[in-house]
Amino acid sequence: MSIRHESFNNTSMLDDYTENCGGVTKSLYACDNVLVSHKISSINRGTPTSMRAPGAAPGLFALESAIDEMALASGMDPLAFRKLNLADKDQSVGLPWSSNHLPEAIDKAAERFGWHARKADIGSMREGDEIIGYGMGACNWEAYQVPTDARVILRSDGTALAQCGLQDIGTGTYTIVAQTVSQLTGIPVERVEVELGSSSFPAGPVSGGSWVTASVMPAIAGATREALQKLRQYAVSKDAVFAGQDAESIKVENGQLVIGEQRASFVDVLKGQRLSRAEGNFQSGMPEAGKYSFRSFGVHFVEVRWDPGISSLRVSRVVSAIDVGKVVNPLAARNQVEGAIVMGIGMALFEAGEYDPRSGMPVNNNYAEYVVPVHADQPDIDVLLLDYPDYNLGEFGARGIGEIGVTGLAAAVANAVYHATGKRVRSLPISKEKLMAGL
Numbered sequence: 016m017s018i019r020h021e022s023f024n025n026t027s028m029l030d031d032y033t034e035n036c037g038g039v040t041k042s043l044y045a046c047d048n049v050l051v052s053h054k055i056s057s058i059n060r061g062t063p064t065s066m067r068a069p070g071a072a073p074g075l076f077a078l079e080s081a082i083d084e085m086a087l088a089s090g091m092d093p094l095a096f097r098k099l100n101l102a103d104k105d106q107s108v109g110l111p112w113s114s115n116h117l118p119e120a121i122d123k124a125a126e127r128f129g130w131h132a133r134k135a136d137i138g139s140m141r142e143g144d145e146i147i148g149y150g151m152g153a154c155n156w157e158a159y160q161v162p163t164d165a166r167v168i169l170r171s172d173g174t175a176l177a178q179c180g181l182q183d184i185g186t187g188t189y190t191i192v193a194q195t196v197s198q199l200t201g202i203p204v205e206r207v208e209v210e211l212g213s214s215s216f217p218a219g220p221v222s223g224g225s226w227v228t229a230s231v232m233p234a235i236a237g238a239t240r241e242a243l244q245k246l247r248q249y250a251v252s253k254d255a256v257f258a259g260q261d262a263e264s265i266k267v268e269n270g271q272l273v274i275g276e277q278r279a280s281f282v283d284v285l286k287g288q289r290l291s292r293a294e295g296n297f298q299s300g301m302p303e304a305g306k307y308s309f310r311s312f313g314v315h316f317v318e319v320r321w322d323p324g325i326s327s328l329r330v331s332r333v334v335s336a337i338d339v340g341k342v343v344n345p346l347a348a349r350n351q352v353e354g355a356i357v358m359g360i361g362m363a364l365f366e367a368g369e370y371d372p373r374s375g376m377p378v379n380n381n382y383a384e385y386v387v388p389v390h391a392d393q394p395d396i397d398v399l400l401l402d403y404p405d406y407n408l409g410e411f412g413a414r415g416i417g418e419i420g421v422t423g424l425a426a427a428v429a430n431a432v433y434h435a436t437g438k439r440v441r442s443l444p445i446s447k448e449k450l451m452a453g454l
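With the numbering used here applied, the sequence shown corresponds to residues 16 to 454, in that order.
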């Protein structure tokens with residue numbers, strides 16, 4: 016078997032923006048013969064830029080649609096065909112996975128979804144006037160950890176302050192930072208103040224690439240340990256509570272320093288030395304290169320319903336299983352995937368930018384004419400988080416989750432549409448006009 020993945024994208028006359036749509040194609044399935052190419056065309060439009068999961072989101076629509084077609088052409092169930100061909104290492108770089116639980120993700124999501132009830136014949140599943148279609152799509156997304164600076168201050172009022180120059184764009188970074196400080200110090204989360212997003216703070220990464228959690232946690236942890244080490248030194252100094260004892264023997268428990276049967280709160284140590292704070296600063300690094308391939312993995316199962324009498328198409332149900340290492344905050348993580356799924360539905364069924372060929376200007380640059388999913392379009396969404404720490408990436412074992420949820424979803428919708436209608440739509444969005452033209 017061989018795979019040839021060609022991608023084309025438009026760009027402006029002034030730039031050479033290229034979207035790497037074939038990146039995932041080189042790593043998701045085992046294949047010794049893979050050819051990926053990218054070409055650009057300069058046209059009379061503005062320069063495009065990255066959207067959530069650049070490259071992988073459109074690229075996996077092509078790959079996972081093709082995989083579905085191959086499965087059906089070979090007479091195999093699409094799930095069985097995918098599992099049979101999953102890569103056991105990253106062939107694109109010749110490295111083993113740092114951690115990969117995609118087969119288990121597929122099995123668990125399939126069971127939760129009820130894939131076993133799928134009838135193979137096109138249009139054979141009905142409920143009332145609606146024809147039901149089942150589809151699936153697998154995905155992976157690179158996991159990054161980038162250098163990050165952080166500052167943590169333990170204060171004499173029993174609170175802590177954590178600072179970093181990165182941003183929280185609604186993904187829960189404030190909470191994750193507070194959790195990290197709390198975990199290492201025993202200070203309750205509600206007594207940890209977090210400050211982000213100022214150029215006066217230690218430098219942090221941009222909020223993109225699904226790398227914030229994996230990057231900021233080691234930096235915050237390192238700064239917290241530095242602050243605790245200073246606190247230990249204060250505690251063993253002359254006239255201090257543990258004067259003359261070995262600082263390295265002091266443990267930290269529930270906001271206290273402990274050595275043998277002796278205990279002293281952070282507040283007592285600092286006030287005893289007439290100090291207002293113990294400050295730690297730290298810069299995290301990157302994982303060792305050339306040893307592992309770091310990626311997150313996932314799968315989506317989608318149910319669509321097509322009513323041919325009124326030309327109504329909707330996504331009614333989605334079950335997704337995601338393997339992103341350690342899940343630090345399950346509520347925020349699940350919210351990230353749910354939002355990505357909704358964006359994937361928009362990509363699959365609604366969204367399309369239209370341009371005036373004369374001026375090159377967008378003509379539907381408003382929410383009245385650029386159609387996005389609304390509340391009425393939301394399906395029942397069930398997200399399974401596997402929660403297997405990836406300690407090869409870092410001590411916390413967490414990989415990013417911000418973008419993987421949108422990858423593979425459009426293909427899963429398209430595959431479900433084919434199962435319901437017999438129409439293989441190879442361009443997005445899957446409009447009623449495209450469906451009706453082929454039925």
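No residue lacks a Cβ here, since even glycine has one placed at the ideal position from N, Cα and C.
Exposed is the label assigned to serine 264, since fewer than 16 other Cβ atoms lie within 10 Å of its Cβ.
Per DSSP, glutamate 34 lies in no beta strand (DSSP E) and is assigned neither H nor E. The criterion of a C-beta distance shorter than 8 Å is satisfied by alanine 236 and leucine 199.
Inclusion of serine 114 and glycine 417 in the CB contact set at 8 Å is not warranted, their separation being larger than that value.
Pairing glutamate 145 with aspartate 392 gives a Cβ-Cβ distance that is not under 8 Å. Bounds of any alpha helix (DSSP H) do not take in tyrosine 149; it lies within the beta strand (DSSP E) bounded by 145-157.
Minimum Cα-Cα distance from glutamate 303 among the listed residues Phe96, Gln160, Ala45 corresponds to Gln160. In this structure, the alpha-carbon of alanine 153 lies about 26 Å from that of glycine 368.
Of all C-beta pairs linking the segment 393-401 to the segment 123-134, three or more are shorter than 8 Å, placing the two stretches in contact. Shown here, lysine 438 sits in coil according to DSSP, grouped into three states, outside any helix or strand.
The three-state reading of DSSP puts valine 317 in strand, counting E and B together. Secondary structure at glutamine 271: strand, using DSSP grouped into helix, strand and coil.
In terms of CA proximity to glutamine 298, Pro162 leads the group Pro162, Val251, Ser442, Gly70. Taking arginine 60 as reference, the option from Glu119, Val221, Met376, Arg97 with the minimal CA-CA separation is Met376. Burial is judged here by how many other beta carbons sit within 10 angstroms of a residue's own beta carbon; glutamine 288 has at least 16 and is buried. When secondary structure is reduced to three states using DSSP, valine 256 falls in the coil class, being assigned neither helix nor strand.
Boundaries of the beta strand (DSSP E) harbouring aspartate 395: 395-400, taken from the DSSP string. Cβ atoms of glutamate 294 and arginine 206 stay farther apart than 8 Å, at about 17 Å. Annotated three-state conformation of tyrosine 189 is helix, per DSSP. Among the bridge pairs identified by DSSP, asparagine 296 is matched with Arg166. Distance check between arginine 170 and each of Val251, Glu410, Val284 places Val284 closest, using alpha-carbon atoms only.
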